[in-house]
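In this text, residue positions in the sequence shown follow UniProt numbering: the first is 1, and each later residue adds one.
Even glycine gets a Cβ: it sits at the ideal position worked out from N, Cα and C.
Quick caveat, the model's predicted, so the values are computed rather than measured.
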Amino acid sequence: MVEEEKSLNFIEEIIEEDLRNGKNDGRVLTRFPPEPNGYLHIGHAKSICLNFALAQKYNGKTNLRFDDTNPVTEDVEYVDSIKKDIQWLGFQWAEELYTSDYFDTLYAYAVELIKKDLAYVDDSTAEEIAAAKGTPTEPGKPTPARSNSVEENLQLFEDMRAGKYPDGAKVLRAKIDLASPNMHMRDPIIYRIKHANHHRTGDKWCIYPMYDFAHGQSDSIEKITHSVCTLEFIPHRPLYDWLIDRLEIFPSKQYEFARLNLNYTVMSKRKLLQLVNEQFVEGWDDPRMPTISGLRRRGYTPASIRNFCERIGIQKRENMIDVSLLEFCIREDLNKTAWRRMAVLDPIKLIITNYPEGQVEELHGENNPEVEGGEGSRMIPFSKELWIERDDFMEDAPKKFFRLGPGLSVRLKHGYIVTCTDFKKDEHGNVTEVYCEYAPNSKSGEDTSGMKVKGTIHWVSVAHAKETEVRLYDRLFHDENPAAAEDFKSSINKDSLHIIEKAYIEPDLANAEIGKGYQFIRLGYFTPDNRASSAEKLVFNRTVTLKDSWAKEAKK
Ligand code: ATP
Ligand code: MG
């Protein structure tokens with residue numbers, strides 16, 4: 001088969017052009033710059049896959065830079081989780097760096113701007129600064145501080161650093177152009193006072209650089225060649241270039257792509273933090289969260305997430321990706337890799353009246369019918385009493401019901417054909433037991449019965465079954481785009497978690513490994529929960545159903 005040549009994305013085109021022109025001595029260095037103020041989500045995965053894949057493709061490297069310029073919201077818990085998630089996704093950074101390590105250099109850059117009369121200390125209030133900035137159609141006016149002398153500014157900035165002023169009393173602004181049609185160029189604030197303890201620099205600093213000042217300068221310090229960010233930074237690019245140009249430092253370049261938006265969820269860390277703090281979910285790694293840690297706990301594999309990011313590609317325009325594509329990617333992966341097992345989530349008892357009392361047969365089932373050889377098989381005990389799914393039996397079965405009902409026959413997966421002879425109900429009318437007779441010569445693989453049945457159902461031997469808890473998940477929001485609503489929490493789906501406290505699994509599943517996915521035949525893909533499972537009792541999360549039930553709903 002000839003491999004189809006894939007067309008380049010627009011950033012690859014830029015890089016190839018740069019390489020052709022011998023720019024940066026043929027070097028490609030990208031970076032992933034998370035702010036350690038939350039856990040990574042699937043949107044970050046898109047940026048991670050892009051940055052690391054670009055470097056890999058062009059023999060380059062990718063730095064991990066923690067953009068830790070905001071002391072109040074940041075924490076080492078987040079730093080650790082971010083590192084874990086990136087590695088889990090399958091990427092290794094060249095260097096682990098922190099913007100806070102550059103605070104001395106950034107301070108020196110700021111002093112240099114002041115010396116060039118390109119920055120000034122402004123003591124106007126935030127409101128005064130905003131008012132003097134004008135509007136997009138009206139030029140701004142200078143505040144009195146704009147005419148400070150270089151000497152005054154140097155002294156004031158040093159005093160800011162020395163802690164002489166309270167929070168908000170003064171800011172350092174770049175002196176650019178108050179009439180610029182780009183509001184970001186109207187003397188943007190580049191340093192602010194914040195008397196706060198920083199998770200790495202402690203109390204060394206009481207002034208912190210603003211994002212726009214820290215980001216491009218950090219790129220330049222690291223000699224990043226292609227600094228890739230999301231579209232909302234397009235209007236910041238002139239400032240990015242202006243600062244690098246005026247400071248005469250390494251000319252990193254910024255490129256923008258569309259962020260990932262996924263429907264039926266929210267993707268800003270601030271909103272995700274609210275869900276955690278207000279206990280709508282169990283934590284950042286709740287299996288309903290769009291976080292990497294939540295997806296991992298839910299049973300997503302790194303390959304499925306990388307594949308998803310590859311499929312959506314990168315665009316220059318915002319769009320909304322259907323979460324069913326993400327589900328498709330994990331289904332596709334698990335279909336190829338997950339071992340097949342049997343579990344009964346809503347049990348009723350099936351009794352084979354003509355099966356010898358006390359007899360146990362050891363049946364065998366391939367682990368993975370998708371690969372040749374099946375990756376071996378496991379033993380499944382079969383006996384007179386079995387658990388089957390409640391909805392595999394119907395008292396008044398319609399014509400096309402190919403499962404059990406009075407007089408109907410079905411195959412028990414890997415076992416025999418049974419025919420229903422009778423059933424029993426409790427005082428509420430619920431079926432409690434189903435009685436069947438089996439055909440001893442109908443055993444799977446050696447069937448000489450000549451019987452033809454259309455349906456096969458799964459089962460677990462009552463005497464051998466292990467108990468487990470199973471958690472089924474639905475979307476966390478009813479709205480396709482919850483973030484568009486005034487209050488995104490108004491469309492939270494209150495029934496997004498369904499717990500089955502007592503389900504039965506075949507005995508081999510007691511050895512299920514955390515981090516591995518299993519197909520519960522006919523029910524979906526499941527994985528042991530990495531928090532709630534113990535050696536005594538596993539708890540399973542449903543990763544995804546076997547088929548896209550939402551697509552079916554929509555067609556109705
Ligand atoms: P959030 O809005 O969720 O808080 P953020 O942009 O503030 O995200 P950062 O930690 O600053 O989060 O992001 C690190 C990198 O990940 C940035 O380069 C950012 O552009 C990128 N990124 C964040 N969200 C997305 C997304 N939804 N799609 C693609 N890239 C994203
Ligand atoms: Mg950010």
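Distances between the C-beta of Cys229 and the heavy atoms of the ligand ATP include at least one below 6 Å. About 17 Å separates the CB atoms of Tyr518 and Trp387; that is not less than 8 Å, and the two are not in contact. In this structure, DSSP gives Trp459 a state outside helix and strand, which the three-state scheme calls coil. In this structure Glu486 is exposed. Its beta-carbon is surrounded by fewer than 16 other beta-carbon atoms within 10 angstroms. Secondary structure in the region 274-300: no beta strand (DSSP E) run of 3 residues or longer lies completely within the stretch.
Between the region 468-484 and the region 526-544, the count of C-beta pairs closer than 8 Å reaches three or more; the two stretches touch.
Taking a C-beta distance under 7 Å as the contact criterion, Leu64 and Phe103 do not qualify as a contact pair. Remark: the shortest separation between the CB of Lys175 and any heavy atom of the ligand ATP does not fall under 6 Å.
Contact annotation: Arg411 and Thr456 have beta-carbon atoms nearer than 7 Å. Cβ neighbours of Asp426 within its own chain (closer than 6 Å, five residues either side excluded): Thr432. Membership of Lys349 in the beta strand (DSSP E) is indicated by the continuous run 347-352. Here Ala303 carries a helix assignment [DSSP, helix/strand/coil]. Remark: the shortest separation between the CB of Pro34 and any heavy atom of the ligand ATP falls under 6 Å. A distance below 7 Å between beta-carbons, with the five flanking residues on each side excluded, links Ile492 to the following residues of its chain, in chain order: Phe280, Leu476, Phe477.
Counting along the chain, Lys253 sits inside the beta strand (DSSP E) bounded by residues 253-257. Leu118 sits in coil when the DSSP states are folded into three classes, being neither helix nor strand. Ranking Pro356, Lys349, Glu372, Pro36 by CA distance to the CA of Lys336 puts Glu372 first. In the DSSP assignment, Leu40 is bridged to no other residue. Between the region 442-454 and the region 267-278 there are fewer than three inter-stretch CB-CB distances shorter than 8 Å, so the stretches are not counted as touching.
Residue range 417-425 is occupied by the beta strand (DSSP E) that includes Phe423. Residue pairing by DSSP places Tyr504 opposite Val344, Glu467 in a beta bridge. Within the region 202-250, the runs of beta strand (DSSP E) at least 3 residues long that lie entirely inside it are, in chain order, 207-209, 226-230. Excluding the 5 residues flanking it on each side, Arg246 has same chain C-beta neighbours closer than 6 Å at Leu118, in chain order.
In this structure, the beta-carbon distance from Arg340 to Ile521 falls below 7 Å. Under DSSP, Asn319 takes part in a beta bridge, and its partners are Leu260. Within the chosen limit of 6 Å, the ligand ATP reaches the beta carbon of Leu260 through at least one heavy atom.
Spanning the alpha carbons of Ile244 and Ser534 requires a straight line of approximately 54 Å. Under a 10 Å Cβ-count criterion, Asn21 is classified as exposed, with fewer than 16 other Cβ atoms of the shown protein chains found around its own Cβ. Placement of the Cβ of His44 at a distance of less than 6 Å from at least one heavy atom of the ligand ATP is found. Residue range 377-382 is occupied by the beta strand (DSSP E) that includes Phe382. Exclusion of Lys399 from the 6 Å shell around the ligand ATP follows from its C-beta lying no nearer than that to any non-hydrogen atom of the ligand.
The ligand ATP has no heavy atom closer than 6 Å to the beta-carbon of Ser100.
For Val79, the enclosing alpha helix (DSSP H) has its first and last residue at 76-89. Taking each of Tyr240, Trp205, Ile234 in turn and checking the Cα distance to Ser218, the smallest one comes out for Tyr240. Secondary structure note for Leu19: its alpha helix (DSSP H) is the uninterrupted segment 10-20.
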